[in-house]
Amino acid sequence: MIKKINILIVGQGLAGSLLGWRLLQAGHSVLIVDPGLKHTASRTAAGLINPITGKRLVKTEHVEEYLPAAIGLYQQLGEFFGETFWHAKRQVRLFQSDEECEQWKKRRSEAAYKPYLGDQFNADTKAYLHDSLKGGFEQKQCGYLDTNLLLDALKQYFQEKGCITQQHLNISDLTVNDLTIQWQNYTADKVVFCDGYQLQNNPWFSWLPLQPAQGEIFTLKTSKTLPEEIVQFGKWLLPLGNGMFRLGSTWQWKPIDEQISAKAEATLTVALEQQFPQYSDAKLIQKQVGVRPGTRDKMPFIGNHPHCSKLSVFNGFGSKGTLMIPWCSERFCELLTKGVMLPSFVDIKRYEGDCPVD
């Protein structure tokens, strides 16, 4: 028996999950297809939100829209499920050079940066730092999302609604024509690909300039006192409570093989020993690897295929999915349900000239 749905979603990472949630709330029928892997980018990610990033302390473009949308949605979902997904948390960044200190002074004087940059501090004011360090500064409006807890809650919700199936979708099994999308015993008005870096293997969207980056994260446990704040130091340390903390992350563009490399492991180990020697004997609980679906212009890929509006993509959020996906999913939902045009900076129309004509 053929089942009719509005939208077929490929992938139940953060992108597919939040899009599916919004579409269901808008009264649309969806089916989410996901293989249930545990090492995806969303499942591996620490879920950090940090408006100011990079060596030059650059404010994320459009963060003024992204941030309230993200916190608002995560709190709304927390109330719905009776869980705490979003954790607003104090964050500090340690100066890695004198130049970085000068850059902080410059940014601190810029009005657009004032809501996100706090006061400078010396290393001797932090019990967990050794005095030889250069100190650092506070970062405002930061925190982290318990991504796995949220994805598990949404998966259970989708299961109760009967709108998720755990299996791998082979693109060759999709039948696309002018009227409908067909997959197994389902017909859909549209298919949306939310499957991360696998987009590079998608024959309909492989022309988009995806730049995947592999990264590793450690989860460790120590008997020593941990900071009560997130610490950025070229890498980052996220305290979780009860002596547990996460340490990340590495960046690797080749090879993309979803395997933890000896080089990446050494990078994290050395970083921890240099900045926090008191934790060098921490017990390693878990090593994880994931692939960030980055893009050439650091903006996501959202929208309909230039030659077939039944094929869509919601992808390319890189390392900032926790921050960007809530706002972007609302914009995309408006396109799918009301025909409201996407903002040009996220619309894949910006790369339309690269799309093959056939």
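Every number in this note's numbering is 8 more than the matching position in the sequence shown, counting from 1. Ideal Cβ positions, reconstructed from N, Cα and C, are used throughout, including at glycine. Just so you know, these numbers come straight off a predicted model, no measurement behind them.
| request: Give every residue of the same chain whose Cβ lies closer than 6 Å to the Cβ of Gly329, excluding the five residues on either side of it in the sequence, and list them in chain order. | output: For the purposes of this step, residue 329 is taken as the residue at position 321 of the sequence shown. The answer, listed in chain order, is Leu22.
| Integer-rounded CB distance, given that Leu141 should sit under 8 Å from Tyr82 | The sequence position of residue 82 within the sequence shown is 74, counting from 1. The sequence position of residue 141 within the sequence shown is 133, counting from 1. That belief does not hold up - the Cβ atoms of Tyr82 and Leu141 are roughly 33 Å apart, past 8 Å.
| request: Using beta-carbon positions only, say whether Phe325 and Ile333 come within less than 7 Å of one another. | output: Position 317 of the sequence shown, counted from the start, is the residue given in the question as residue 325. Position 325 of the sequence shown, counted from the start, is the residue given in the question as residue 333. Yes.
| Who are the near neighbours of Glu91 in its chain, counting only those whose CB is closer than 7 Å to its CB and skipping five residues on each side? | As a working note, residue 91 is residue 83 in the sequence shown. Cβ neighbours of Glu91 beyond the five flanking positions: Leu157, Ala161.
| said: Measuring CB atoms only, is the stretch 16 to 36 touching the stretch 60 to 77, in the sense that at least three cross pairs come out at less than 8 Å? | reply: no
| message | Please report the straight-line C-alpha distance between Val297 and Lys113, rounded to a whole angstrom. | response | In the sequence shown, residue 297 corresponds to position 289, counting from 1. In the sequence shown, residue 113 corresponds to position 105, counting from 1. When the Cα atoms are used, Val297 and Lys113 turn out to be separated by approximately 35 Å.
| N-terminal and C-terminal residue of the beta strand (DSSP E) that Cys316 is part of | Residue numbering aside, residue 316 sits at position 308 when the sequence shown is read from its first letter. Where Cys316 is concerned, the enclosing beta strand (DSSP E) stretches over 316 to 323.
| task | Specify, as a first and last residue, the run of the alpha helix (DSSP H) that Thr155 falls within. | result | Along the sequence shown, read from residue 1 onward, the residue named residue 155 stands at position 147. Start and end: 155 to 169.
| request: In the DSSP assignment, find the unbroken alpha helix (DSSP H) run with Pro334 in it and report its ends. | output: On the sequence shown, position 326 is the one that residue 334 refers to. For Pro334, the enclosing alpha helix (DSSP H) starts and ends at 329 to 346.
| message | Taking its Cβ as the centre, do 16 or more other Cβ atoms sit within 10 Å of Leu379, making it buried, or is it exposed? | response | The chain is shown only over 9 to 366; residue 379 falls outside these bounds and no answer can be derived.
| Taking just the CA atoms, how far does Trp94 sit from Phe88? | Sequence index remark: in the sequence shown, residue 88 carries index 80 (1-based). Sequence index remark: in the sequence shown, residue 94 carries index 86 (1-based). Phe88 and Trp94: Cα-Cα distance of roughly 13 Å.
| Buried versus exposed, by CB contacts within 10 Å (16 or more), Phe166 | Taking the first residue of the sequence shown as 1, we reach residue 166 at position 158. With 16 or more other Cβ atoms inside 10 Å of its own Cβ, Phe166 counts as buried.
| query | Alpha carbon to alpha carbon, what distance is there between Ala272 and Asp305? | reply | For the purposes of this step, residue 305 is identified with residue 297 of the sequence shown, where counting begins at 1. For the purposes of this step, residue 272 is identified with residue 264 of the sequence shown, where counting begins at 1. So the alpha carbons of these two residues sit roughly 25 Å apart.
| For Ala96, which of Gln128, Lys148, Glu281, Arg115 has the nearest alpha-carbon? | Stepping through the sequence shown from its first residue, residue 96 is reached at position 88. Looking at the Cα atoms, Lys148 is the closest of the given residues.
| request: Look at Val299 and Gln240 and say whether their C-beta atoms are less than 7 Å apart. | output: For the purposes of this step, residue 299 is taken as residue 291 along the sequence shown, with counting starting at 1. For the purposes of this step, residue 240 is taken as residue 232 along the sequence shown, with counting starting at 1. No, they are not a contact pair.
| message | Assuming Thr68 and Leu276 are in contact, meaning their beta carbons sit under 8 Å apart, how far apart are those beta carbons, in whole angstroms? | response | The residue given as residue 68 occupies position 60 in the sequence shown. The residue given as residue 276 occupies position 268 in the sequence shown. Their Cβ separation, rounded to whole angstroms, is 24 Å, which puts Thr68 and Leu276 out of contact at 8 Å.
| request: Could you tell me if Leu307 is buried or exposed, where buried requires 16 or more neighbouring beta carbons within 10 angstroms of its beta carbon? | output: Taking the sequence shown and counting its residues from 1, the one referred to as residue 307 is at position 299. The amino acid occupying residue 307 in the given sequence is Met; Leu does not appear at that position. Looking at its Cβ environment, which holds 16 or more other Cβ atoms inside 10 Å, Met307 is buried.
| said: My parser needs the beta strand (DSSP E) runs of 3 or more residues fully inside the stretch 169 to 202; what are they? | reply: 172 to 174, 189 to 191, 194 to 201
| Can you give the Cα-Cα distance for Leu159 and Ala77, rounded to whole angstroms? | Along the sequence shown, one-based indexing puts residue 159 at 151. Along the sequence shown, one-based indexing puts residue 77 at 69. Computed Cα separation, rounded: 18 Å.
| query | At which residues does the beta strand (DSSP E) containing Leu81 begin and terminate? | reply | Counting from 1 along the sequence shown, the entry for residue 81 is found at position 73. Looking at the DSSP string, Leu81 is not in any beta strand (DSSP E); the run it does join, the alpha helix (DSSP H), is 71 to 89.
| request: Could you name the residues that DSSP lists as bridge partners for His313? | output: Taking the sequence shown and counting its residues from 1, the one referred to as residue 313 is at position 305. In DSSP, His313 forms a bridge with Cys316.
| query | Taking Cβ positions, are Cys202 and Ile17 nearer each other than 7 Å? | reply | By one-based count along the sequence shown, residue 202 stands at place 194. By one-based count along the sequence shown, residue 17 stands at place 9. Taking 7 Å as the Cβ cut-off, Cys202 and Ile17 qualify as a contacting pair.
| query | Among Ser288, Trp261, Glu73, which residue has its Cα nearest to the Cα of Gly302? | reply | Against the sequence shown, residue 302 aligns to sequence position 294. Gly302 has its Cα closest to that of Trp261, out of Ser288, Trp261, Glu73.
| request: Just the C-alpha distance for Glu72 and Leu65, rounded to the nearest angstrom, thanks. | output: As a first step, residue 72 is located in the sequence shown; it is residue number 64 there, counting from the start. As a first step, residue 65 is located in the sequence shown; it is residue number 57 there, counting from the start. In this structure, the alpha-carbon of Glu72 lies about 16 Å from that of Leu65.
| task | Verify whether the separation of the beta carbon atoms of Lys12 and Thr195 is less than 7 Å. | result | If you number the sequence shown from 1, residue 12 lands on position 4. If you number the sequence shown from 1, residue 195 lands on position 187. Cβ atoms of Lys12 and Thr195: closer than 7 Å.
| Nearest-angstrom Cα separation, counted from Glu146 out to His36 | Here residue 36 is taken as the residue at index 28 of the sequence shown, counted from 1. Here residue 146 is taken as the residue at index 138 of the sequence shown, counted from 1. His36 and Glu146: Cα-Cα distance of roughly 43 Å.
| Rounded C-alpha distance that separates Phe253 from Leu56 | Your numbering for residue 253 matches position 245 in the sequence shown. Your numbering for residue 56 matches position 48 in the sequence shown. Those two C-alpha atoms are separated by around 13 Å.
| task | Return helix, strand or coil for Gln208, following the three-state DSSP convention. | result | Along the sequence shown, one-based indexing puts residue 208 at 200. The answer is helix: DSSP assigns Gln208 an H, G or I state.
| Cα-Cα separation, Arg358 to Gln104 | Taking the first residue of the sequence shown as position 1, residue 358 is located at position 350. Taking the first residue of the sequence shown as position 1, residue 104 is located at position 96. Spanning the alpha carbons of Arg358 and Gln104 requires a straight line of approximately 37 Å.
| Separation of Gly347 from Val184, as counted between CA atoms | Counting from one through the sequence shown, the residue named residue 184 turns up at place 176. Counting from one through the sequence shown, the residue named residue 347 turns up at place 339. Straight-line Cα distance between these residues: approximately 21 Å.
| query | Going by Cα to Cα distance, which pick from Tyr287, Leu248, Ile225 is closest to Trp259? | reply | Your numbering for residue 259 matches position 251 in the sequence shown. Cα-wise, what sits closest to Trp259 is Ile225.
| message | Which residue wins for smallest C-alpha separation from Cys336, given the options Asp289, Glu360, Ile310, Ile356? | response | As a working mapping, residue 336 is identified with position 328 in the sequence shown. Per the C-alpha coordinates, the member of Asp289, Glu360, Ile310, Ile356 positioned closest to Cys336 is Ile310.
| task | Look up Trp244 in the DSSP assignment and give the residues it is bridged to. | result | For the purposes of this step, residue 244 is identified with residue 236 of the sequence shown, where counting begins at 1. Secondary-structure assignment with DSSP links Trp244 through a beta bridge to Gln240, Gly256.
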